Amino acid sequence: MSRKLRCRDPEFLKPIIGSEEALVFLYGDVIVMARSEEDVQRFLYAETLPKGIPLKVLNELRCEEVSISITRLCGETLLVLADIVSTDMAHIIGHKLAQVFRDYTPFAIRRIDVVTSYSSSEDGGYVVRNQVVLSLDTRFIDEQSALSIARRAVEELLKAWCKK
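Numbering (the numbering used here), first residue to last: 1 to 164.
Set out below in structure tokens:
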């Protein structure tokens, strides 16, 4: 529903919407003023429709950098690779790290876990998080060495993955 409004003070509306006359649209508790109905429709179209996402951008999102950190939990040193985009990618990274750290097992690297966790979300669905966790024995490998080896392996893997 719209009503045409002519302002008594033409200098009031002109700098705001570029015209001395305005259409007033009521949307629930919201009032929208515009020069024409087309302006309002163009605005609503831009605001309500989902934006198109090019395939290249989606591929770049899939290739976002993985977060890598070291933590200590109950006396155990863990190298955690988090924010992995998919379960498949988590398994690929876990396999790559198993290959890279092969020479360090069983002493320096106790185990490599690929973890997928499902948490309830407010909308009734689930939030899925994927991570790879390495249990380190710091008597045989220092944290910085393990961190740099893991970081290099993941960067190399993501470079190859993102070229596809």
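Using N, Cα and C, we set each Cβ at its ideal position, and we do this for glycine too. All values reported here derive from a predicted model rather than from experimental measurement.
**OP:** Can you grab the Cα-Cα spacing for the pair Gly125 / Gln131, in whole Å?
**Re:** On the sequence shown, residue 125 is found 125 positions in, with the first residue counted as 1. On the sequence shown, residue 131 is found 131 positions in, with the first residue counted as 1. Within the model, the alpha-carbon separation for Gly125 versus Gln131 is close to 20 Å.
Subject >> Ile93 burial status per 10 Å Cβ neighbour count (16 or more: buried) >> reply: Residue mapping note: residue 93 aligns to position 93 of the sequence shown, counting from 1. So Ile93 ends up on the buried side.
Original post:
Contact check, Arg110 vs Asp137 under 8 Å by CB: the rounded distance?
Top reply: Against the sequence shown, residue 110 aligns to sequence position 110. Against the sequence shown, residue 137 aligns to sequence position 137. Arg110 to Asp137, Cβ: 6 Å. Contact.
Subject >> Selected residue, minimal CA-CA separation from Pro106, among Cys74, Ile141, Ala90, Leu44 >> reply: Indexing the sequence shown from 1 puts residue 106 at position 106. Among Cys74, Ile141, Ala90, Leu44, the Cα nearest to that of Pro106 belongs to Ile141.
**OP:** Following the continuous alpha helix (DSSP H) through Val167, name the residue where it begins and the one where it ends.
**Re:** Because the chain is modelled from 1 through 164, residue 167 falls outside the range shown and cannot be assessed.
Original post:
Thinking just about the alpha-carbon of each residue, which of Met33, His95, Ala82, Ser145 is nearest to the one in Leu157?
Top reply: In the sequence shown, the residue the question calls residue 157 occupies position 157. It is His95.
Subject >> Sub-8 Å separation of Ala22 and Arg35 beta-carbons >> reply: Along the sequence shown, one-based indexing puts residue 22 at 22. Along the sequence shown, one-based indexing puts residue 35 at 35. Judged by their CB atoms, Ala22 and Arg35 are nearer to each other than the 8 Å cut-off.
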